[in-house]
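J.: Starting off with a structure, shown below.
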Amino acid sequence: AKANGRGSFAVYVPELHEQLSERRQLEIDMRQALKANEFFVLYQPFYCVKSQTICGYEALVRWRSAKRGIVSPADFIPLAEETGLIEEIGAWVLRQACTDALDLPDHMTMAVNLSPVQFKSRKIVPLVRTILAETGLSPQRLELEITEGVMIGDQVEALSILKGLKDLGVRISLDDFGTGYSSFSYVRAFPFDKIKIDQSFVRDLGRTTDSLAIIRAVAGMCSSLGITSTAEGVETDDQFHILEAEHCDTLQGYLFGRPGPLQASDIQTGTAAQG
Ligand code: C2E
Ligand code: CA
Ligand code: CA
Ligand code: CA
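Each residue of the sequence shown is one higher than the one before, counting from 293 in my numbering.
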């Protein structure tokens, strides 16, 4: 350790140094990836319990890196958020998803995840407005998934942005419900169109009776408030039948389809969709 002018010490920690440069490299690679078109979107279907059909998709971003292989969002979104790159990546995903949604039947919706960082920038409302205008997608077919993170900080500001988005005619969905600290107060503060019960509750269905009680309560609250309830992470028939019995409106999970290309049977245009 070496004394620096003010009587404190600058300590060289090799691990920290390595971590910093790996992050710096990741940032450089992400910037490059935007230019090289290395990001792509996979779509995971929503199953509607009432109609027993697929009623929409959620867009999930991936990075096909020449150097790193396929990188999952958990591994690059946090740094993209810290560096502000999420603005550009998020805008690209939104435009791509809205464009791809045009190939789907009119009754199907397209859900897109918004990062709290992207959400808090004053640009999100004009961005969504522009992309809707550019693509011609009807606003009620677009669902924006946000998390409690958007409410941290200035709540008045957050509510005003949410209202700005709602005024465009899009739907707002509250993702990962139940994982934060004040989920219920947000439901009271803002009229969400949809609540997505976090997959941890579905995963625990067979193991604890608490999860069932919570899912029942949330689905009941949604139905009283006129909010669509969704459960995510449905992998087994047992989970499916329980969630159906609890009157969840829509379900999502590997049981109904993994993230992938839009299913050919759902794409209207072109002869490839026939048969
Ligand atoms: P999320 O929005 O909660 O998305 C659900 C995640 O669970 C997805 O992981 C999905 O592939 C996975 N999943 C779906 N069904 C099942 C299931 O039955 N079992 C299990 N074990 N997992 C299931 P993915 O695609 O790796 O995305 C992870 C997270 O990254 C997302 O969580 C979301 O927070 C974020 N993310 C993904 N795409 C975007 C994006 O375009 N923008 C932003 N801001 N975040 C994104
Ligand atoms: Ca989501
Ligand atoms: Ca989620
Ligand atoms: Ca999540």
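All C-beta atoms in this analysis are idealised placements derived from N, C-alpha and C, irrespective of residue type, glycine included.
Could you give the first and the last residue of the continuous alpha helix (DSSP H) run that contains residue 556?
T.: No alpha helix (DSSP H) contains residue 556, which DSSP labels as neither H nor E.
J.: Cβ atoms of residue 436 and residue 554: under 8 Å apart, would you say?
T.: Not a contact, by the Cβ cut-off of 8 Å.
J.: Which of the three DSSP states, helix, strand or coil, is assigned to residue 560?
T.: coil
J.: Taking DSSP as the reference, what is the three-state secondary structure of residue 337?
T.: strand
J.: Okay, do the region 512-525 and the region 312-322 touch, 3+ Cβ pairs below 8 Å being the bar?
T.: Under the 8 Å Cβ criterion, the region 512-525 does not count as touching the region 312-322, having fewer than three qualifying pairs.
J.: For residue 377, which residues in the same chain have their Cβ closer than 6 Å to its Cβ, ignoring the five residues on either side in sequence?
T.: Listed in chain order, the non-local C-beta contacts of residue 377 below 6 Å within the same chain comprise 322, local neighbours out to five positions each way being set aside.
J.: By Cβ distance below 8 Å, which residues in the same chain neighbour residue 288 in space, the five residues on each side in sequence not counted?
T.: The structure shown has nothing for residue 288, since the chain only spans 293 to 567.
J.: Please indicate yes or no: does the CB of residue 545 lie closer than 7 Å to some heavy atom of ligand 1?
T.: Yes.
J.: Assign residue 463 to buried or exposed, taking buried as 16 or more other Cβ atoms, counted over all protein chains shown, within 10 Å of its Cβ.
T.: buried
J.: Can you tell me which of the three DSSP states residue 468 falls into?
T.: Secondary structure at residue 468: strand, using DSSP grouped into helix, strand and coil.
J.: So, at 8 Å on beta carbons, what are the nonlocal neighbours of residue 529 in its own chain, with the 5 sequence-adjacent residues on each side left out?
T.: When the five nearest sequence neighbours on each side are left out, the beta carbons in the same chain lying within less than 8 Å of the beta carbon of residue 529 are those of 547, in order along the chain.
J.: Specify which residues have a beta carbon nearer than 5 Å to any heavy atom of ligand 3, listing them in chain order.
T.: 467 and 468
J.: Where does the unbroken alpha helix (DSSP H) through residue 495 begin, and where does it stop?
T.: 491-495
J.: Buried or exposed: residue 358, going by 16 or more other Cβ atoms within 10 Å of its Cβ?
T.: Within a 10 Å sphere around the beta-carbon of residue 358 sit fewer than 16 other beta-carbons, which makes this residue exposed.
J.: Determine which residues share a DSSP beta bridge with residue 511 and list them.
T.: In the DSSP output, where bridge partners are listed per residue, residue 511 has none listed.
J.: With C-beta atoms as the reference, is residue 375 less than 8 Å away from residue 319?
T.: With contacts defined as CB atoms closer than 8 Å, residue 375 and residue 319 qualify as a contacting pair.
J.: Beta-carbon separation of residue 442 and residue 483 under 8 Å?
T.: no
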